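Working notes, beginning with the structure itself.
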Amino acid sequence: MPQLETKPFGSIEVEESSLLDFPEGILGFGDYHKFAILEEKEGPFHWLQSADEPGLAFIILKPELILKDYEPSVLTMELQSLQVQSIQECETYLIVTIPGEQPEKMTANLQGPILVNRKTRVARQVISMNENHLVRVPILELLEA
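Every number in this note's numbering is 36 more than the matching position in the sequence shown, counting from 1.
Have a look at this one:
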């Protein structure tokens, strides 16, 4: 089993099948291509942990936990790169930002979701063409809506 060095959890073992390939990297982190989703047992958040850089991890969550009808509008070529016909064939995650010590101001990136094809273990951060999907949407406001 591969061993991952992580900042939040220290050294952990992960199943080979949980490693994902991001051929394009993540926006702003194009040099990193291997990640694992580390699922929290309790709570809505998970970690998208780089397999190559212990200090590189993103907090992510499934969009249905904060939005009932979230469906990003993505280009056909992006779906083709994931070897799927439709977005429903993918797991979708949103990157969460928690500024400093202010969890009440955490935001979700609706414009740049992570799509995962679990069959091929290929993932990609895509750009939603929906103009209502913004980069920083306050999560607490979505929960109150």
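Note that beta-carbon positions come from the ideal geometry of N, C-alpha and C, so glycine has one too. Fair warning: this is a prediction, and the values are worked out from it, not measured in the lab.
With respect to the alpha helix (DSSP H) encompassing E114, which residues constitute its N-terminal and C-terminal limits? If you number the sequence shown from 1, residue 114 lands on position 78. Where E114 is concerned, the enclosing alpha helix (DSSP H) stretches over T112 to S117.
Counted within 10 angstroms of its Cβ, other Cβ atoms place V171 as buried (16 or more) or exposed: The sequence position of residue 171 within the sequence shown is 135, counting from 1. Classification for V171: exposed.
Rounded C-alpha distance that separates I48 from A159: Locating residue 48 in the sequence shown gives position 12, counting from the first residue. Locating residue 159 in the sequence shown gives position 123, counting from the first residue. About 22 Å.
Looking only at its chain, what residues have a beta carbon closer than 7 Å to the beta carbon of L130, apart from the 5 residues adjacent to it on each side? Here the question's residue 130 lines up with position 94 in the sequence shown. Here the set comprises I96, L97, P99, A144, N145, L146 and P149.
Mapping DSSP to helix, strand and coil, what is K104? Counting from one through the sequence shown, the residue named residue 104 turns up at place 68. Residue state, collapsed to three classes: coil.
Quick one: what's got a C-beta closer than 7 Å to P90's C-beta in the same chain, skipping five residues either side? As a working mapping, residue 90 is identified with position 54 in the sequence shown. Around P90: E41, T42 and K43.
Compare the C-alpha of L176 against each of V132, I73 and L115 and name the closest. On the sequence shown, residue 176 is found 140 positions in, with the first residue counted as 1. L176 has its Cα closest to that of V132, out of V132, I73 and L115.
My output table needs one value for E177: the three-state DSSP class, helix, strand or coil. The residue labelled residue 177 in the question sits at position 141 within the sequence shown. If DSSP states are grouped into helix, strand and coil, E177 belongs with the helices.
When the distance is taken between beta carbons, is L63 closer than 7 Å to Q124? Walking along the sequence shown from the start, residue 124 turns up at place 88. Walking along the sequence shown from the start, residue 63 turns up at place 27. Cβ atoms of Q124 and L63: not closer than 7 Å.
On the DSSP letters alone, give me the boundaries of the beta strand (DSSP E) that Q161 sits inside. Locating residue 161 in the sequence shown gives position 125, counting from the first residue. Counting along the chain, the beta strand (DSSP E) containing Q161 begins and ends at V158 to Q161.
Taking the C-alpha atoms as reference points, what is the distance between L115 and T156? Residue mapping note: residue 115 aligns to position 79 of the sequence shown, counting from 1. Residue mapping note: residue 156 aligns to position 120 of the sequence shown, counting from 1. Taking the straight line joining both Cα atoms gives about 13 Å.
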